[in-house]
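Positions 373 to 485 (this note's numbering) are the ones given, in order, by the sequence shown. Idealized CB from N, CA, C, for every residue including glycine. Structure record follows, encoded as structure tokens.
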Amino acid sequence: MSGVTVFGSFAAAAIGLGLYGLITNPRPLRKIIAFNLVGSGVFLLFGIVGRRGTAAGVGNDPVPQALVITGIVVAFSATALAIALLLRLFQTGGPLTLGSRAPPGPRSDPSGD
373 MSGVTVFGSF AAAAIGLGLY GLITNPRPLR KIIAFNLVGS GVFLLFGIVG
423 RRGTAAGVGN DPVPQALVIT GIVVAFSATA LAIALLLRLF QTGGPLTLGS
473 RAPPGPRSDP SGD
């Protein structure tokens, strides 16, 4: 098995596990982690695609490498922002699970009093 096949399999597994986590987990922090897992798989896939060959004198293409490094930095800052927003939301509203609570606000009395 070549290195490209191994890394391609890991990229596909990371993307698949991340998508599974996005679909099945109702907790926002786990969704953020799953989204990062999808991003890591995509970055690994870009790294594989950017590789040209293994012959002497044939280097890697610098453009995909630069895009992957830029994407990692952007993903890190977006994750930090998402966690900061999630922490602030937790501080103001308590524990969160998506879709399990009624929105805050005045409740109507069903008896009409």
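* Asked: Does the distance from the C-beta atom of R402 to that of G393 stay below 8 Å?
  -> yes
* Asked: Is it true that the CB of F407 sits closer than 8 Å to the CB of G443?
  -> no
* To do: Whole angstroms is fine: what's the gap from L459's alpha carbon to V435's?
  => 36 Å
* Asked: Which first and last residues belong to the alpha helix (DSSP H) in which G422 is found?
  -> Careful: G422 lies outside any alpha helix (DSSP H) and carries neither H nor E.
* To do: State the DSSP-derived secondary structure class of N397, mapped to helix, strand or coil.
  => coil
* Between the Cα of V421 and those of I395, A454, F379, spot the shortest distance and give me the residue it belongs to. => F379
* Asked: Which of the three DSSP states, helix, strand or coil, is assigned to S449?
  -> helix
* To do: Pull up the CB-CB distance for G412 and A386, whole angstroms please, since I reckon it's below 8 Å.
  => A small fix is needed here, since residue 412 is Ser in this sequence, not Gly. The pair is a contact, with the Cβ atoms about 5 Å apart (cut-off 8 Å).
* **For G388 and T396, the rounded distance between their alpha carbons** => 12 Å
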